[in-house]
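Chemist: The structure follows.
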Amino acid sequence: GEVVDACVALLENPELTVGDLLQYMPGPDFPTAGLIHGVQGIVSAYKTGRGRIYVRARTHTEPLDQRGGREAIVITELPYQVNKARLIEKIAELVREKRLEGISELRDESDKDGMRVVIELRRGELSDVVLNNLYKQTPLQSVFGINMVGLVDGQPRLLTLKELLEVFLRHRREVITRRTLFELRKARERAHVLEGQMVALANIDAVIALIKASASPADAKQGLIAEVWEPGAVTQMLERAGAESTRPEGVGEDTGLVEGGYRLSETQAQAILDLRLHRLTALEQDKILKEFSEIIDKIQELQEILSNPDKLQAVIREELLEIRERYADDRRTELVEAYTDLTIEDLIPEEDVVVTLSHGGYAKARPVAAYQAQRRGGRGRAAARVKDEDFIDQLFIANSHDTLLCFSSRGKVYWLKVYQVPQAGPGSRGRPIVNLLPLADDERINAVLPVKEYAEDRYVVFATSRGTVKKTPLTAFSRPRANGIIAVELRDDDRLIGAEITDGAQDIMLFARSGKAIRFAESDVRPMGRTAAGVRGLRLSGGDDEVIALTIPREPMLLIATENGYGKRTAL
């Protein structure tokens, strides 16, 4: 029924998208029922032609004793093409090999009323845990790949759901058109014969006299063809349908209604000679007239189907609805919105947190809600406790599900989820970053960038202590590695001092220890791959001079402060 509904909807509105068609045809429906977990695979398959769906057995739990200490998992539906006997053998094998724990008994209680496989659990075992292991190790969960490749005009093509239905509807148009042409040819042939019989009945006395006077059937046939006959009621019938509507292919235009009467064709003459005498009764004559009238109506209807696209579409729709009426039944396979294999991220609520990283390498996070708004003149609230000579080097707000790109002094990048940064109170220094990332002894994190998504139009701009600048697409860092990867190639005497995310259209400023600064357009730096070394951004004054800061100015004024407390504000 769902496929028919989708076809009818697309027939009536060809502008429908795959998303619209999903409202009518939400997913596959298997004869053995079961549950499809996660609609993303369905959406992917319908939109691209390829996808994967996870089909699970339908199960429920039942208590085995009144105290509720023991449970049983009952299987009532299986994924498509999963054999029940082999499934039971597989579960028993896993239990014997001690690869599946917690099962005390397994039996098949299926009968004529339906499937029922009972898995009894040991006391204290959690049914969810056992069931997840069954999904992982047995066909109780099966993966079906969808690959919608079809032959279109003799060529294999990968089709979306909409394209698939369009090809099917086009095929239906071709089939109905060919069928209509065939039926029209047969109807014209029959109408042509009936037309000749009606002419003969209108001139019955003359026809009988001609036949009696003929020496042979061949002479009688030629005599019928040569004569011009009174058309009788045929004239009125043909005026309604058109003189050409009943003329079969191959019958010359010198037959039928002509000036002065009606001329019979060879086919009509033979049919008159084959006419039995009982057909000459008044009752039989009425039957011939009625059949001729009905076949004229049918010819007109068939001609309209061929000449009117709306009529052809109505026939397709009517036949589809007839199929639905005769064969459709209720959906058997249930669709479950989300795939239930949860990651740790799915168990952690999304919230904004304040992340701090000290110069000494201590990291911590605290919910934004822990910081209350204060009036002007308020003393504020401690964000972190630091030791002497240590200070907060980086502070930013990020979502708990964001990813932190941690760039080290050696030019490497490490990945860390915000929720992996330990949350601590205001009196805590946090945890050493070396306990969270696999840093080398002389390696420190010099830049941390929170990322929600790896947008195609975003870049990471790097600066090193020797004045090198590099710009790399953000997407180059979208595949995390446990031990980090190279973000920028550095010389032995160089180190990474900063990194910023940009949109590719900002200005870049570098500041040297000697007090020099340079400002240039980001567009002057072409994007490079991860392993590239970069280009010179600032020429240093001497051996002791080095770049100490990178900034992407977004305000019209720049404030510079020295370690001795002097400050200077400069208009950009």
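Heads up: the sequence shown is residues 44 to 615, going by my numbering. Note that CB positions come from ideal geometry on N, CA and C, so glycine has one too. Predicted, not measured: the structure shown is a model, and the values here were computed from it.
Could you give the distance in angstroms between the alpha-carbon of A269 and the alpha-carbon of E368?
Modeler: For A269 and E368, the distance between alpha carbons rounds to 54 Å.
Chemist: Please classify W272 as buried or exposed, where buried requires at least 16 other C-beta atoms within 10 Å of its C-beta.
Modeler: Buried.
Chemist: The beta strand (DSSP E) that contains M1, what's its start and end?
Modeler: Only positions 44 to 615 of the chain appear in the structure, and residue 1 is not among them; the question remains open.
Chemist: Could you work out which residue in Y405, Q311 and H235 is closest to K264 when comparing CA atoms only?
Modeler: Checked all of Y405, Q311 and H235; the closest Cα to K264 is Q311.
Chemist: Give me the Cβ distance between L517 and A555, rounded to the nearest whole Å; I'm assuming they're in contact under 8 Å.
Modeler: In fact, because the Cβ distance is near 27 Å, the residues do not count as touching under 8 Å.
Chemist: Does the structure place the region 164-177 close enough to the region 74-83 that three or more beta carbon pairs sit under 8 Å?
Modeler: Taking 8 Å as the limit for Cβ pairs, the verdict is that the region 164-177 does not touch the region 74-83.
Chemist: Can you name, in chain order, every residue of its own chain whose Cβ lies under 7 Å from the Cβ of V277, other than the five neighbours on each side?
Modeler: E238, M241, V242 and Y305, listed in sequence order.
Chemist: Looking at L448: is its Cβ nearer than 7 Å to the Cβ of F520?
Modeler: In this structure, F520 lies closer than 7 Å to L448 by Cβ.
Chemist: Sort D353, R283, D317 and E302 by Cα distance to E337 and report the nearest one.
Modeler: Ranking the options by Cα distance to E337, first place goes to R283.
Chemist: Within a Cβ cutoff of 7 Å, which residues of the same chain sit near D389, ignoring the five residues on either side of it in sequence?
Modeler: Since pLDDT at D389 reaches only 48, below the 50 mark, its modelled position is unreliable, and no value is offered.
Chemist: Please classify P352 as buried or exposed, where buried requires at least 16 other C-beta atoms within 10 Å of its C-beta.
Modeler: Per the 10 Å Cβ criterion, exposed.
Chemist: In whole angstroms, what is the alpha-carbon distance linking D63 and D373?
Modeler: Roughly 21 Å separates the two Cα atoms.
Chemist: Mark L385 as exposed unless 16 or more other C-beta atoms lie within 10 angstroms of its C-beta, in which case mark it buried.
Modeler: With a pLDDT of 44 at L385, under the threshold of 50, the modelled position of this residue cannot be trusted, and the question is left open.
Chemist: According to DSSP, simplified to helix, strand and coil, what is P596?
Modeler: Of the three classes helix, strand and coil, the one that applies to P596 here is coil, per DSSP.
Chemist: Would M552 and R538 qualify as a contact pair, given that the criterion is a beta-carbon distance under 7 Å?
Modeler: Not in contact: M552 and R538 (Cβ atoms no closer than 7 Å).
Chemist: Could you tell me the distance, in whole angstroms, from the CA atom of E144 to the CA atom of V138?
Modeler: When rounded, the distance between both Cα atoms is 7 Å.
Chemist: Would you identify the three-state DSSP class for E543, choosing helix, strand or coil?
Modeler: In the structure shown, E543 sits in a strand (DSSP, three-state: E or B).
Chemist: Measuring CB to CB, does S452 end up less than 7 Å from N489?
Modeler: The answer is yes: Cβ separation under 7 Å.
Chemist: Which ranges does the beta strand (DSSP E) cover as unbroken runs of at least 3 residues, wholly within the region 194-244, from first to last along the chain?
Modeler: The region 194-244 contains these whole beta strand (DSSP E) runs: 198-201.
Chemist: For the 8 Å Cβ check, are there 3 or more pairs between the region 483-499 and the region 438-448?
Modeler: They touch, by the three-pair rule.
Chemist: Does the distance from the C-beta atom of Y123 to that of L204 stay below 7 Å?
Modeler: For Y123 and L204, no; Cβs fall outside 7 Å.
Chemist: What residue range is occupied by the uninterrupted beta strand (DSSP E) comprising G304?
Modeler: First-last of the beta strand (DSSP E) with G304: G304 to R306.
Chemist: Less than 7 Å separating the beta-carbons of D588 and S557?
Modeler: The answer is yes: Cβ separation under 7 Å.
Chemist: What is the DSSP secondary structure of R367, reduced to helix, strand or coil?
Modeler: Looking at R367 - three-state DSSP - the assignment turns out to be helix.
Chemist: Taking all protein chains shown into account, do 16 or more other C-beta atoms lie within 10 angstroms of the C-beta of Y370, making it buried, or fewer, making it exposed?
Modeler: So Y370 counts as exposed.
Chemist: With DSSP collapsed to three states, give me the class of I251.
Modeler: DSSP places I251 in helix when its eight states are reduced to three.
Chemist: Does the Cβ of D445 have 16 or more other Cβ atoms within 10 Å, making it buried, or fewer, making it exposed?
Modeler: D445 is buried by the Cβ-count criterion.
Chemist: Quick check: the Cα distance between Q180 and E136, rounded to an integer number of angstroms?
Modeler: Straight-line Cα distance between these residues: approximately 11 Å.
Chemist: Given a cut-off of 7 Å on the beta-carbon distance, is the pair P410 and V398 in contact?
Modeler: No.
Chemist: Tell me which residue opens and which closes the beta strand (DSSP E) that Q311 is part of.
Modeler: That residue, Q311, is in no beta strand (DSSP E); its alpha helix (DSSP H) goes E309 to L316.
Chemist: Find out if the Cβ-Cβ distance for the pair L615, L601 is shorter than 7 Å.
Modeler: Cβ distance < 7 Å, so L615 and L601 count as in contact.
Chemist: Please report the straight-line C-alpha distance between L349 and F187, rounded to a whole angstrom.
Modeler: Cα to Cα, the separation comes out at about 42 Å.
Chemist: Going along the chain, which residues of its own chain have a beta-carbon closer than 8 Å to the beta-carbon of E377, five neighbours each way excluded?
Modeler: For E377, where only same-chain residues beyond five positions count, the Cβ hits under 8 Å are A76, G77, L78, I79 and R101.
Chemist: What does the alpha-carbon distance come out to for the pair G285 and D72?
Modeler: If you take the alpha carbons of G285 and D72, they lie about 50 Å apart.
Chemist: Where does G572 sit, in a helix, a strand or coil, going by DSSP?
Modeler: G572 falls in the coil class under three-state DSSP.
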